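All remarks here apply to the structure that follows.
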Amino acid sequence: MIQRVTIIGLVIFLAIFFQTAFVLIETIDRPHKTVISFCKAYYQLDDAAKKLVTESCRVQDEIDLIDQYFSAQKKIANDRGYRDQFLVNYLTNINTHIIKQTKDSAVVNIKAKRFAIIPWLRTRKTYDVDHTFSLTFQNNKWFISEGVANL
Numbered sequence: 002m003i004q005r006v007t008i009i010g011l012v013i014f015l016a017i018f019f020q021t022a023f024v025l026i027e028t029i030d031r032p033h034k035t036v037i038s039f040c041k042a043y044y045q046l047d048d049a050a051k052k053l054v055t056e057s058c059r060v061q062d063e064i065d066l067i068d069q070y071f072s073a074q075k076k077i078a079n080d081r082g083y084r085d086q087f088l089v090n091y092l093t094n095i096n097t098h099i100i101k102q103t104k105d106s107a108v109v110n111i112k113a114k115r116f117a118i119i120p121w122l123r124t125r126k127t128y129d130v131d132h133t134f135s136l137t138f139q140n141n142k143w144f145i146s147e148g149v150a151n152l
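The working numbering puts the sequence shown at residues 2 to 152.
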């Protein structure tokens with residue numbers, strides 16, 4: 002009986018230990034996570050994308066590139082008679098490759114499939130995403146510093 006309780010206690014302890022370790026490892030900021038988060042937010046027309054990009058990369062010639070893309074997508078949707086969020090896209094089959102990484106910079110390539118689901122029309126058209134971003138490490142966080150202008 003004591004042996005069975007000891008084994009069950011050990012299994013529970015190891016499960017809690019490994020779960021805690023995996024959660025802590027997952028919270029570490031990595032450059033490829035920033036790129037994935039940015040692309041998801043960008044194509045879903047989410048303002049969270051702006052927080053993942055440096056100011057110098059986002060604003061060029063006094064034009065906010067992310068706002069410009071969001072406005073263009075919303076205008077296309079409104080011109081077609083739909084809501085602003087009509088042209089939201091989702092990413093699937095996401096693959097990232099860290100091309101180069103130093104202590105305070107990284108170059109990351111992302112490849113994914115981008116699609117918009119329009120349920121009432123039953124259409125599903127996919128587009129390939131293959132883009133390379135440069136990132137910088139500032140304030141213990143990764144930020145995209147180059148690559149937004151070419152999206």
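Even for Gly, the Cβ is constructed at its ideal location relative to N, Cα and C. No experiment lies behind these values; they were computed from the predicted model shown.
Whole-number beta carbon distance between residue j and residue i, since they are thought to touch under 8 Å
i	j	result
N90	F71	With 8 Å as the limit, N90 and F71 do not qualify as a contact, their Cβ atoms being about 12 Å apart.
I67	V149	7 Å
Nearest residue (CA-CA) to residue i, options the options
i	options	result
F144	D80, A107, Q74 and I111	A107
I100	L92, T93, V6 and K112	K112
L53	I37, G82 and Q61	I37
K104	N141, D131 and Q86	N141
T127	L92, Q61 and V24	L92
Buried or exposed by the 16-neighbour rule on C-beta atoms within 10 Å, applied to residue i
i	result
L11	exposed
A73	exposed
Y83	exposed
Coil, strand or helix - residue i by DSSP
i	result
V54	strand
A49	helix
T7	helix
V130	strand
T137	strand
#### Entry: Sequence ranges, beta strand (DSSP E) only - wholly within the region 60-112, length at least 3
91-102
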